[in-house]
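Asker: My questions all concern the structure below.
Number of protein chains: 2
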Amino acid sequence: MTTIYDISKATGFSPTTVSKALNDYSDVSEKTKQIILKKASEMGYIPNSHARILITKKSWTIGILFDEKLNIGMKHPYFNAIIESFKENVESRGYDLLFISKDLGGNRTTYLDHCIIRGIDGVIIITSHPNNEQIIELINSDFPCVLIDNECNRKSSIHSDDVRGCYLAVEYLYSLGHRKIAHIYGSKDTFAGNVRLNEFINSLKKFNLPKIDEYLVDGGYFSFDGGYNAMKKLLELEDLPTAVFTAGDFMAVGAISAIKEKGLRVPEDISIIGYDDLDICKYVTPRLTTIKQNTDLIGKNAADILINEIDKKICRTSMIIPVELVVRDSCKPIK
Amino acid sequence: MTTIYDISKATGFSPTTVSKALNDYSDVSEKTKQIILKKASEMGYIPNSHARILITKKSWTIGILFDEKLNIGMKHPYFNAIIESFKENVESRGYDLLFISKDLGGNRTTYLDHCIIRGIDGVIIITSHPNNEQIIELINSDFPCVLIDNECNRKSSIHSDDVRGCYLAVEYLYSLGHRKIAHIYGSKDTFAGNVRLNEFINSLKKFNLPKIDEYLVDGGYFSFDGGYNAMKKLLELEDLPTAVFTAGDFMAVGAISAIKEKGLRVPEDISIIGYDDLDICKYVTPRLTTIKQNTDLIGKNAADILINEIDKKICRTSMIIPVELVVRDSCKPIK
DNA sequence: TTGAAAGCGCTAACAA
DNA sequence: TTGTTAGCGCTTTCAA
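These protein sequence lines map, in sequence, to chains L and V. Residues in the first sequence are numbered from 228 upward in steps of one, following the numbering used here. Residues in the second sequence are numbered from 228 upward in steps of one, following the numbering used here.
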């Protein structure tokens, strides 16, 4: 391990000057800088970030707190897409990404403690249960945070324009002539599940469609099985809906599966529209019509917001990202 | 920021004793320990990992080097599943996961330098291009590494039993009566693409089936489009294969799409078998028969191998994980 | 333009 | 069982 002291000895300059040269400070002569840089390279010098962080208090690390109920962790394509976009953006600005767990070095720690212990500069929170005690502790602290797919008056947040998304879905189905529209909603424990359910109901009103309680079914935590089971309930009704809007694509695929099993066809008998625009939409049969969430923009802007907060340029931002209708093959005009 | 000095002053014990109490050393009296712990808690003491790492040289951090050509980064479900399993395992042993990029703090660094600067304890490498200069530098260093889905005589590695996987695929198709079996292979740049192509050919031999060059088509980097385009080429042949083995599930789904587009049916006209067992297999039509790679075991064991290496218990391990045939609906006996 | 001294927060020898 | 001293590798005053 070469240190700046080794370089100091080898070049005859003081450690201070070596440090300055290495960090490209202006108060070192060009000549000295070149000598030091050359020697450092020869000696294979590699800095030690911990020593540096200890004194500068800046770790160039952003934490990622990923905690969701589907319990498939990183396998969830929607969150993954956001994380990927977030990661690209923060990395290009020189930050590393560190996963924040509840354990560290074999000891139990809270999320907030973990962030402080590691000296990270900020944290992005992706969670399906924002009422978790530890998450609340973090949100109530003055640690730089951005919440994804949530809202909160203490911290910055970013999510899709679900008001518009739900409206677009209902409007599209309405324009195809559907009047009996059901909704498989995501668990009311979740921000997205709640908002989309409310906005679905609001959108019905806008088109003067009645709210029918039997047409509102809980699809759980946005999974295939949740959608499948919810659709089965809908299929037991006397008066079947002609279209179903699901709060997530996985649930839509599950619903389609239940419909097929019953011997009915999508979209001939029942139209289905999803939410998210996961890759899978293109690969299922029929290809899924859906509301696209722009994961690229969500991740990218989450990074901007967080870094601005870290740099103390901005205190708090709430951002809403546009959605769009993606028409494929799972909806059809009513006969 | 409370430090051990603050606690030292508040309790009257020396910083050393405070440190020992906080770290649960045995040479502190129980009474003293309790006093210190109580005070620490009162004062809201939270340790500083950087100061600790600086002296102990152990960061309780594992790097993850994720670099693949499909260029969808974390969105790839196969690698994600492995990372998720790996993450769970290392976290439960007290390690954090840090993504290793090529930049740090705004400066360009190589992967190896990045690992050293951050003082991480080890790194897991997931890459589709192991011949990258920087990857080679890392592999040739004495930094603790585990390669996923690759082999290398310098470092530990773990991957699926592709020899058996390809055999199982061919055996299954053979048992259904198929004799004209094509293979859409993954790019020869990749470890998996190469091995599976070779083992497909070896398996043909075992069943005395001829190797037909036109039946071997490059599907690129395991993508839907790659499989789609490769299948289109196969469909132009005079003498169509009755079954196609693809080196990845995405390519299989792409191939199915091309077949349907041509007006043929899967599995009635052409049987398709994939590789990976991604979630998507269950959701496409027909549900995809495939060779399952055990991502849970790969991730879990990768963690074990790496941690054993970090703890200097074992120098190097090469591990091969069993695969299995998962029969669904995309293959059919030949008439 | 350069360097001496101090210290970030912690742990590890060693002595008491 | 407790404390003294030194130092991990670096940056930051401040003086020369």
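Idealized CB from N, CA, C, for every residue including glycine.
Is the Cβ of L/THR417 closer than 7 Å to any Cβ of chain V?
Answerer: no
Asker: Whose CA, out of V/ASN421, V/HIS303, V/ALA529, lies closest to the CA of V/GLY564?
Answerer: Past the edges of chain V, shown from 228 to 562, lies residue 564 of chain V, and the structure says nothing about it.
Asker: Considering only residues of the same chain and omitting the five flanking positions on each side of L/ASP254, which have a CB-CB separation below 8 Å?
Answerer: These residues qualify, in order along the chain: LYS247.
Asker: From the DSSP output, read off the bridge partner residues of L/ALA409.
Answerer: Partner(s): L/VAL471.
Asker: Relative to chain V, which residues along the region 499-528 of chain L have a C-beta separation below 7 Å, given in chain order?
Answerer: Residues of the region 499-528 of chain L with a C-beta atom less than 7 Å from some C-beta of chain V are ILE507, TYR510, VAL511, THR512, listed in chain order.
Asker: Given a limit of 8 Å on CB to CB distance, which residues of the region 468-492 of chain L reach chain V?
Answerer: VAL480, SER484
Asker: In the DSSP assignment, what residue or residues form a beta bridge with V/HIS341?
Answerer: BP columns for V/HIS341 are empty, so no partner.
Asker: Output yes or no for whether 7 Å exceeds the beta carbon distance between V/ALA470 and V/SER498.
Answerer: yes
Asker: How many whole angstroms separate the CB atoms of L/ASP376 and L/VAL550, which I take to be in contact at a CB cut-off of 8 Å?
Answerer: Not quite, the Cβ-Cβ distance comes to about 13 Å (not below 8 Å), so this is no contact.
Asker: Considering only the alpha carbon of each residue, which of V/ASN380, V/VAL317, V/PRO513, V/PRO274 lies closest to V/ILE351?
Answerer: V/VAL317
Asker: Could you check if L/THR473 is buried or exposed, using at least 16 other CB atoms within 10 Å of its CB as the buried criterion?
Answerer: Per the 10 Å Cβ criterion, buried.
Asker: How is the beta strand (DSSP E) around L/LYS323 delimited, first residue to last?
Answerer: Checking the sequence, you will find Asp at residue 323 of chain L rather than Lys. Segment 323-326, the beta strand (DSSP E) holding L/ASP323.
Asker: So if DSSP puts L/ALA294 in a beta bridge, which residue, or which two residues, is it bridged to?
Answerer: Note that residue 294 of chain L is Asp in the sequence shown, not Ala. L/THR354.
Asker: Quick one: Cα of V/LYS559 to Cα of L/ALA457, how far?
Answerer: 32 Å
Asker: How many Å lie between L/LYS567 and L/GLY321 at the Cα?
Answerer: With chain L covering 228 to 562 only, the question about residue 567 of chain L has no answer from this structure.
Asker: Report the rounded CA-to-CA distance for L/LEU431 versus L/ASP506, giving the unit in angstroms.
Answerer: 28 Å
Asker: Please classify L/LYS519: does DSSP put it in a helix, a strand, or coil?
Answerer: strand
Asker: Are any of the Cβ atoms in chain V nearer than 7 Å to that of L/ASP323?
Answerer: yes
Asker: In its own chain, which residues sit with a C-beta less than 6 Å from the C-beta of L/TYR401, not counting the 5 before and 5 after it?
Answerer: PHE434
Asker: Does L/PHE568 have its Cβ less than 7 Å from a Cβ in chain V?
Answerer: The structure shown does not extend to residue 568 of chain L, since chain L is modelled only from 228 through 562, so no value can be given for it.
Asker: Express the C-alpha separation of V/ILE408 and V/ILE500 in angstroms, rounding to a whole number.
Answerer: 10 Å
Asker: Using a Cβ cut-off of 8 Å, pull out every chain V residue sitting near L/PRO274, in sequence order please.
Answerer: Residues of chain V passing the Cβ test: ILE344.
Asker: What is the rounded straight-line gap between the Cα of L/TYR399 and the Cα of L/VAL390?
Answerer: Answer to the nearest angstrom: the Cα atoms are 14 Å apart.
Asker: Over what stretch of residues does the alpha helix (DSSP H) that includes V/VAL317 continue unbroken?
Answerer: 304-319
Asker: What span of residues does the beta strand (DSSP E) with L/LEU374 cover, start to end?
Answerer: 372-375
Asker: Go through its chain and collect everything with a Cβ distance to L/CYS542's Cβ below 8 Å, but skip five positions before and after it.
Answerer: GLU536
Asker: Which residues in chain V have a C-beta closer than 7 Å to the C-beta of L/SER355? List them in chain order.
Answerer: Simply none; closest approach about 16 Å.
Asker: Spatial neighbours of L/ARG406 within its chain, please: CB distance less than 7 Å, with the 5 preceding and 5 following residues excluded, ordered by chain position.
Answerer: LEU436
Asker: Answer with buried or exposed for V/GLU311, where buried requires no fewer than 16 other C-beta atoms within 10 angstroms of its C-beta.
Answerer: buried
Asker: What is the DSSP secondary structure of L/TYR448, reduced to helix, strand or coil?
Answerer: coil
Asker: Would you call V/ASN367 buried or exposed, if buried means 16 or more other Cβ atoms sit within 10 Å of its Cβ?
Answerer: Residue environment for V/ASN367: exposed (fewer than 16 other C-beta atoms within 10 angstroms of its C-beta).
Asker: One question on the structure: do V/ILE344 and L/ILE289 come within less than 7 Å of each other, judged by their Cβ atoms?
Answerer: Contact flag unset, no.
Asker: Can you say whether L/VAL554 is buried or exposed, counting buried as having 16 or more other CB atoms within 10 angstroms of its CB?
Answerer: So L/VAL554 counts as exposed.
Asker: Checking 7 Å against the spacing of the C-beta atoms, do V/LYS282 and V/GLY346 come in under that value?
Answerer: One point to set straight first is that residue 282 of chain V is Ile, not Lys, in the sequence displayed. No; because the gap between Cβ atoms is not below 7 Å, this pair is not in contact.
Asker: Strictly by DSSP, which residues pair up with L/MET478?
Answerer: Note: L/MET478 sits in no beta bridge, so no partner.
Asker: My understanding is that L/THR238 touches L/LYS266, with C-beta atoms under 8 Å, so please give their C-beta distance in whole angstroms.
Answerer: 5 Å
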